[in-house]
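Colleague:
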Amino acid sequence: MMNETLSRRKFLRLSAGVMGSAAVMSTAPRLLNRLASDPQSAVWLETSTNERIVPTVCSMCPSGCGMLARIADGNLVKMEGSPMHPINVGALCPKGQAAPELLYNPDRLTGPMRRTGERGAGQWEPISWDEAIQTVADKLNELRQAGHPERAALLYGETRGQMRGFLKRFMEAVGSPNAVSHDSLNIEAAKLGIYLTQGIYDLPAYDLENSNYVLSFGASLLEAGRTPQRTVSGLSYMHRGRANRGKVVTFDPREGVSGAKSDEWISIKPGTDAALALAMCNVIIKTGRFDSDFVHNYAFGFQDFKDDDGKDHKGFKNFVLENFDPRRVEQITGVPATTISRIAGEFAGNRPSVAIVPAKGGLLNGGFGGVATAMAVHCLNALVGSLETPGGVQIQRYPDCPDWPELPADSAAEAGREAERIDGAGTVFPVGRYAYQAVADRALDGYPVEAMFLYDANPVYETPGGQKFIQAFEKIPFIVSFATFMDESAEYADLALPEPTFLERWQDDYIEGLGYPGVALRQPVLEPLHDTMNTGDFLLQVAQKMGGPVAQAMPWDSFEALLKDRLQNVGTDWETLTELGVWITPGYRFARRGSEKWINEVVGADRRRAPRDGRFDFFSRELSCILGDLSDDELAALNPGASGDALYLPHQEDVIYEGGEKEFPFVLNVVTLMSLGPHSYNANLPTLQEISGMVVGERWGSWVEMNPETAAELGLQNKQQVWVESPFGKVQTKLRLVKNIHRDVVALPHNQGHKAIGRWAKDRGVNGLEIMNPASELFTGLASFTNTRVKVYAA
Amino acid sequence: MARWSMVIDLDKCVACQGCSIACRFENNTPIVSPEEAELGREMLWNEVFPLRAEEGDIASEQSRFLTRPCMHCENPPCVKVCPVQATFIGDEGIVHQNYARCIGCRFCTVACPYGVRYFNWYAPSWEEGLEQHLNPDRVMGNGDLEGPAIRPRGVVEKCTYCIHRLHKARARAEAEGREIRSGEYVPACVQTCTGKARFFGDLEDPNSIVSQLSQERRAFRLLEEAGTRPKTIYLEEG
Amino acid sequence: MATWHPKNEHEQIILAPVKQGVGRDRILWIVLASILLAGIAAWARQFVLGLGVTGMNRPVYWGVYITNFVFFIGLAHSGTFISAILRVTGADFRKPLTRAAEAITLFSLPFGVACIVIDMGRPDRVLNMIRYGRFQSPLLWDFTAVSLYLLSSIVFFYLSLIPDIALCRDRLTDVPPWKHRMYEILALGWTGDSHQYHRLERVLDAMAILMTMIVITVHTVVSWVFGMTIQPGWHTALIGPFFLLGAIFSGTAAVVIVLAILRKLYHLEDALPIGLFNSLRKLLITFTLGWLYMMIAEFLTTYYGSLPEEMEVFWQKFTGDFYLIFWGMTILVFFIPLFIFIFRAKDSIPWMVTAGVLINIGMWMERYVVIIPTETRPRLLYELVQGSYRPTWTEWLITAALFSGMGLLYAIFTRLFPIIPLWETVDSLEHEPEPERPEPRRFGERTAQV
Ligand SMILES: Nc1nc2c(c(=O)[nH]1)N[C@H]1C(S)=C(S)[C@@H](COP(=O)(O)OP(=O)(O)OC[C@H]3O[C@@H](n4cnc5c(=O)[nH]c(N)nc54)[C@H](O)[C@@H]3O)O[C@H]1N2
Ligand SMILES: Nc1nc2c(c(=O)[nH]1)N[C@H]1C(S)=C(S)[C@@H](COP(=O)(O)OP(=O)(O)OC[C@H]3O[C@@H](n4cnc5c(=O)[nH]c(N)nc54)[C@H](O)[C@@H]3O)O[C@H]1N2
Ligand code: SF4
Ligand code: SF4
Ligand code: SF4
Ligand code: SF4
Ligand code: SF4
Ligand SMILES: [Mo]
């Protein structure tokens, strides 16, 4: 408290004194700092003579930020965030900033090459593009003539916009169903979770700007997440951009930057998120704080119900009330019951609130439990009525593009397209749509593949136990990689046909994460540096060379022409699009519950079998339709983690770990860093390597994070070399003690330990995937990223 | 006369290091080899540091991060000690660095309490073609050298508040016969900030965003007790 | 030309090494010169490649070179201390030691200065210190003080050398002609006239005061390079006196070593009686205790103040990365020498030398432990970056070269000039002085008439 007796006069005197001494104190430093002669009286700026700014889109991660490239005297010298692009509004993360190192990377492939030596021996000879086109066209025609176009397969990585559809169309035109996305390595579990409940096969968008309360389950929203810049902007706005500050709670066994920057970080036992979400549902239902209009009028399976055959089924409400009492869930998750109740109360009481379904994080745990987790988390949104409401979950809308033209009649292709998929999605894996990593197992099991194309895909490196792809490749006589770098997979290819970097080619990108539709355009910011070819152009030319119906199906002159054609309805003309680099239709229009738009677009629109009745499934009718086809034996063979109605309701499955808990005490958690991310070539940008391990003060390599208390019990010291060993192998790296990590978990950052790519990436650190369970999940074909246990001991 | 200042809102900062790398590409700081990096010889004028991630800290507390450009102190210890005035405080409060004059004694580096000064242990180099992306801007004057121009070995360098951007903005304003507008001069790290956590402007102008933010209750300066009076101002978390 | 030289009983002994010339020292010279040359080559390499070849880093921007700088400047204090300060205070026992001590000053100062240049990132721009020199920078004070010190030491040293050069000129007739010519030139026509002696004494007295002031300034200023920053462990007013005391301490200890070597090698037992060592012993006991006092004053205040950033550095020294050096230093500088001085060193030159060597090694370590730990825990960054430092071979080689260079110059000097001042030590003889010889007058001493 202020001293009351301090009179006004005294106060004035005091402040005069203070001011007097302040005056002295401010001149004294001047004397120290200044010198009579100013060292720079005439100053001028020198710069380049010729400058231009070209808009484009970053492709270093799926955020797809808009960029402006500064070209000075013909060199790319700087990237800036495009202020027009709604995802980043002028911002750019370190990867985007480092893009010039990708363009000028000395380890890029500089032209098309054919392998001369043994596979993997690294002997290549340059060829011409014409030769490459001819070779590929001949090969595909040969397969078509043999009546087996389906023996051509294409694996592709992160790609959006027209390219994704184009790749699929090309394969279909050739006659193969085997365009396999790597979704099973990342977002497939989340997509399925949304699909089996809401009936939309896509990742939703979240209206963070208007949300009051955000729960994040194992989505590293601020470092990785699906679209990191989108979530960073949204949460930054939630915290400081508006009058009332929203709250962000992160559940994650490892704090990381996302946990650190959340308002609350709650450590959770890995693989138990479903139980946690359902315990929160339990609290919300018990306290009656759910949106009763929604659960009763726009949802299915909240109450117990009778099916058409008159059989009684358990509804979500009773299932949750009976099984997910917070005190019981405390035992499962390690999260105190009081915390669960408190967070549930806050979540229900601070609407609009939203629970974020992770892109990958805690989901890919090797059982169907990952999908069930996504369902459980999404049910939290449904329960508080946050679907299609401001501050809640939105449906991602896309720009208006015409349907691809009908494929021409082509009996060879039609037969091929009907063949079983190489990855077994929909057959071996009844619920899955892609099973990227399973391609190796299936090829080894004898599914005949005669031509394999890798587009932005590096399965040898990026899949758990990726070495098996090297064996699988032995069975495949013809492999083409379109990679920009000689990556681990391209090393085993027969043709390396480099695509220019995203800075040198035409490509479009859909804007994801904001709900409303938008398209952004990549254009060559300068002439391609090397003898590379846009894979789009390459495939178009191959189609022409193949002639016949394939050529007819792909009538465009160039990929640029294709883009012009397909983007004509997005709302602007080509000139404006190339000038601005982005076009959006801002303002998300929410559909009214039960309206036609709701039924057609928001709930149930993508369902294949269950009714598209605009009802959200607390009890998944779609899943029961899919699994209903299976005999009991077939179902049992999938080794379900739940039985009866529980299987169709969001439920908690015990993770079946590889490696016993006794021998292998830690769950291996491979995490994505802001600096490197999962994309291989990022590891070959020296600047990103330099900042890669900022979170623990490491750089240029790997480390494994462990709780200090656990380490003390094991007698391990910070920074010592350790072995991390799983039943599948072991890797040696540096131990870093990190206070805020679950005691049962060790974390290994992803995207080091490359065996190829280039000088900066090669032989640096370790790749956690080498010791990871290579199995695929049986229902869905998801990769098993989170069900490997390890032990750690001094090296 | 303007008094340039930066405000960094730690509540919004997500420790992404976008600022560090924007600075690198804007100001041509070299990449050092992994072995050099192990010695802490990286050149990132704006570094991001983890605070209390290590053993021995309070477990229940969440980790924190600090992003740190030069403070452009109004009473800069670095300037006081430089024997040749290779670092000096300009009229607009920017603490300049003159690479052509620096003798590399590293007195300033040990005097700066914020550790923001970087020494060129070797001549900077870029591997095979990477040098093509170097920013061609350079601030010249009387044979002196500032701004993103490549620095020779043996001299000290540091964050300049992207001084060349000030010159550019001013040249543009002068060409158009007007005063420089607020928002025309924005350093690279501020422009790129993913969390929109960085603000830049003129402290002298009471309406500028930095003036206003610097009045906030959350505003503080690093090592306030050291009396260096930084013009890089932070806003507390939470 | 009528020249007078005071009679000195030990003249033959003292002149013997000079008469003898290079002789078998050659091997020693070659060894020292090769180390010096190797160091110069290492430095040239460092110049071409950059300071990256050292172990310095961020935040340890200053390493062994600056340690050497401080150490050499400290060593330099020996001469000035013995000849100037003791002159001012009238401690007569100093007389036979003065030249040997001053030579240490003279030959360590240039190497101290060299350290600064070696440590510079851009030694080619050293003239910028003059072109753009800014007196607000403590480095400029250093630069000025050290230059002034070097200059005045040369003058001081040379002045007191003149009578003896003249003596060499007159007595050493069978030396090679170049050597004789050198004596002739350097003697500046000294005749030994009583006025000359009178004036010389007065000038030396006056300079002694000046030198005393400079010496105090120099090492204080050297310390201020550290003290004027606000880094923990450096930013203390005590650092000046602490450095100064340390300098005189190590300098005096160095004199012990040098004297003992000279005494043995050049058979100067008679000219350098054991009593001298006993006098130095008393001084050194005082310094050891004074040093302990400073240590306690510094660390106790730091510990009780417990400012977090200060404590980081404190613990770095006591228990952290530097504990071996810190405690080793304490043992070498304090415990063992004190034990030796009290229980062993009386009348024992070997023990004195042992202590002297330990003290000098210890004081080098002390310089190191003052400079480096602070840098490893800089004020803001101690939470963020934790520095460490391991010098590289370049730094060690250059360090060795500096010491070799100093040894080499010293060794050469002793073969050219008498290392014990002949003219100053005469009044320690039993003789009555020659009639013309001026009354030795000590500065500040009241004359009998008053
Ligand atoms: N910077 C950057 N961002 C990117 C990318 C990039 O390249 N760079 N790539 C993008 C791509 S392709 C993807 S797929 C996404 C991936 O984005 P995320 O899904 O966020 O990826 P991860 O880092 O693997 O996992 C997130 C968190 O889940 C935690 N976790 C692990 N197991 C569990 C669990 O059982 N329960 C809970 N609650 N948490 C758990 C981990 O500790 C980790 O912090 O990132 C995208 N974002
Ligand atoms: N343990 C663990 N494993 C993971 C992940 C993880 O977080 N942890 N993340 C997973 C996830 S989410 C993902 S998305 C994947 C990442 O998998 P991908 O998205 O497939 O990324 P990359 O590994 O970079 O493989 C793509 C290859 O394409 C090449 N390439 C680069 N640029 C271009 C281009 O412009 N055009 C063409 N045609 N090729 C190009 C490069 O050589 C690169 O090696 O990794 C998955 N694997
Ligand atoms: S967030 Fe992703 S898209 Fe945006 S700049 Fe960074 S890497 Fe590029
Ligand atoms: S932060 Fe350091 S370098 Fe910057 S002005 Fe202050 S003292 Fe100088
Ligand atoms: S290193 Fe350069 S800028 Fe720093 S004090 Fe020395 S001369 Fe001045
Ligand atoms: S203001 Fe400019 S120089 Fe300073 S850190 Fe930011 S980008 Fe770098
Ligand atoms: S760019 Fe912005 S959000 Fe990212 S670390 Fe820098 S200040 Fe923080
Ligand atoms: Mo991904």
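Residue numbers (the numbering used here), protein chains in the order written: chain A, 16 to 810; chain B, 40 to 277; chain C, 5 to 454.
Positions of the beta carbon are idealized from the N, C-alpha and C atoms, including for glycine.
1. Along the region 52-63 of chain B, what residues have a CB closer than 7 Å to any CB found in chain A?
2. Against chain A, which members of the region 231-260 of chain B pass a CB distance test of less than 9 Å?
3. So, are the CB atoms of valine 534 of chain A and aspartate 524 of chain A less than 9 Å apart?
4. Can we count arginine 156 of chain B as close to ligand 5, meaning its CB is less than 8 Å from some heavy atom?
5. Which residues does DSSP pair with glycine 240 of chain B in a beta bridge?
6. Please list the residues of the region 132-148 of chain B that have a C-beta atom closer than 8 Å to any C-beta atom in chain C, keeping them in chain order.
7. Which residues, in chain order, sit with a beta-carbon under 7 Å away from any heavy atom of ligand 6?
8. With DSSP as the reference, label arginine 49 of chain A as helix, strand or coil.
9. Which residue marks the beginning of the beta strand (DSSP E) containing phenylalanine 468 of chain A, and which one marks its end?
10. Taking all protein chains shown into account, do 16 or more other C-beta atoms lie within 10 angstroms of the C-beta of proline 21 of chain C, making it buried, or fewer, making it exposed?
11. Closer than 9 Å by beta-carbon distance: list the chain A residues that pair up with phenylalanine 104 of chain B, in chain order.
12. Just list the residues that DSSP pairs leucine 90 of chain B with in beta bridges.
13. Closer than 6 Å is what we want: which residues have a beta carbon that near any heavy atom of ligand 3? List them in chain order.
14. Using a C-beta to C-beta distance shorter than 9 Å, which residues of chain B count as neighbours of leucine 152 of chain C?
15. Run the proximity test for isoleucine 272 of chain B: is its beta-carbon closer than 8 Å to any non-hydrogen atom belonging to ligand 7?
16. Give me the chain B residues within the contact set of proline 63 of chain C, using Cβ-Cβ distance strictly less than 9 Å, ordered along the chain.
17. For asparagine 132 of chain C, return the contacting residues in chain B, with the cut-off set at a CB-CB distance below 7 Å.
18. Can you tell me which residues form a DSSP beta bridge with tryptophan 738 of chain A?
19. The alpha helix (DSSP H) spanning glutamate 678 of chain A covers which residue range?
20. For a test of the three-state rule: what should DSSP assign to isoleucine 491 of chain A, helix, strand or coil?
21. Helix, strand or coil for lysine 270 of chain B, going by three-state DSSP, please let me know.
22. Use the C-beta contact count for asparagine 11 of chain A: other C-beta atoms within 10 angstroms, 16 or more gives buried, fewer gives exposed.
23. Would you mind working out which of A/Arg758, A/Gln112, A/Glu238 sits nearest threonine 725 of chain A, comparing C-alpha positions?
24. Can you say whether lysine 11 of chain C is buried or exposed, counting buried as having 16 or more other CB atoms within 10 angstroms of its CB?
25. Is it the case that the CB of leucine 143 of chain C approaches a heavy atom of ligand 5 more closely than 8 Å?
26. Taking 9 Å as the CB-CB cut-off, is tyrosine 372 of chain C touching chain B?
27. Taking C-alpha atoms, which residue in C/Gly255, C/Ala105, C/Trp319 lies nearest to phenylalanine 417 of chain C?
28. Along chain B, in chain order, which residues have C-beta atoms closer than 8 Å to that of isoleucine 122 of chain C?
29. Return the chain-ordered list of same chain residues with a C-beta closer than 6 Å to the C-beta of glycine 32 of chain A, the five sequence neighbours on each side being excluded.
30. CB tyrosine 476 of chain A to CB isoleucine 437 of chain A, shorter than 9 Å?
31. Kindly say whether tryptophan 47 of chain C, judged by its beta-carbon, lies nearer than 9 Å to any beta-carbon of chain B.
32. Any idea if alanine 161 of chain A is buried or exposed, counting beta-carbon neighbours within 10 angstroms, 16 or more meaning buried?
33. Flag arginine 62 of chain C as yes when its Cβ comes closer than 8 Å to any non-hydrogen atom of ligand 5, and as no otherwise.
34. For a contact defined as C-beta to C-beta under 9 Å, what are the partners of isoleucine 234 of chain C on chain B?
35. Would you check whether ligand 7 has a heavy atom nearer than 8 Å to the C-beta of glycine 240 of chain B?
36. Verify the contact flag: glutamine 101 of chain B, CB atom, against every heavy atom of ligand 7, threshold strictly below 8 Å.
Modeller: Reading it off the structure:
1. Val53, Ala54, Cys55, Gln56, Gly57, Ser59, Ile60, Ala61, Arg63
2. Thr231, Cys232, Thr233, Gly234, Lys235, Ala236
3. yes
4. yes
5. B/Ser44
6. Arg140, Cys141, Ile142, Gly143, Cys144, Arg145, Phe146, Thr148
7. B/Met45, B/Cys58, B/Ala61, B/Cys62, B/Glu65, B/Asn66, B/Trp84, B/Asn85, B/Pro108, B/Cys109, B/Cys198, B/Thr199, B/Tyr200, B/Cys201, B/Pro226, B/Ala227, B/Cys228, B/Val229
8. Below a pLDDT of 50, predicted positions are generally treated as unreliable, and arginine 49 of chain A, at 41, falls in that range; the measurement from the model is reported next regardless. Coil, per DSSP.
9. 466-470
10. buried
11. Val272, Ala275, Lys276, Met709, Val710
12. B/Arg103
13. A/Cys73, A/Met75, A/Cys76, A/Ser78, A/Gly79, A/Cys80, A/Asn103, A/Leu107, A/Cys108, A/Lys110, A/Gly111, A/Pro243, A/Gln244
14. By Cβ distance, chain B contributes nothing, its closest Cβ being about 16 Å from leucine 152 of chain C, past 9 Å.
15. no
16. Gly79, Thr148, Val149, Gly154
17. Val123, Arg140, Ile142
18. A/Gln747, A/Tyr808
19. Where glutamate 678 of chain A is concerned, there is no enclosing alpha helix (DSSP H), given that its DSSP letter is neither H nor E.
20. coil
21. coil
22. Residue 11 of chain A lies beyond the range of chain A shown here (16 to 810); nothing can be said about it.
23. A/Arg758
24. exposed
25. yes
26. no
27. C/Ala105
28. Going along chain B, no residue has its Cβ under 8 Å from isoleucine 122 of chain C, so there is no contact; the nearest lies around 11 Å.
29. Caution is warranted here: a pLDDT of 37 is assigned to glycine 32 of chain A, below 50, making its placement in the model unreliable, and the coordinate value is therefore given only provisionally. If we look at glycine 32 of chain A and ignore the five residues flanking it on each side, it has no Cβ neighbours.
30. no
31. no
32. exposed
33. no
34. Pro116, Ala150, Pro152, Leu262, Ala265, Gly266, Thr267
35. no
36. no
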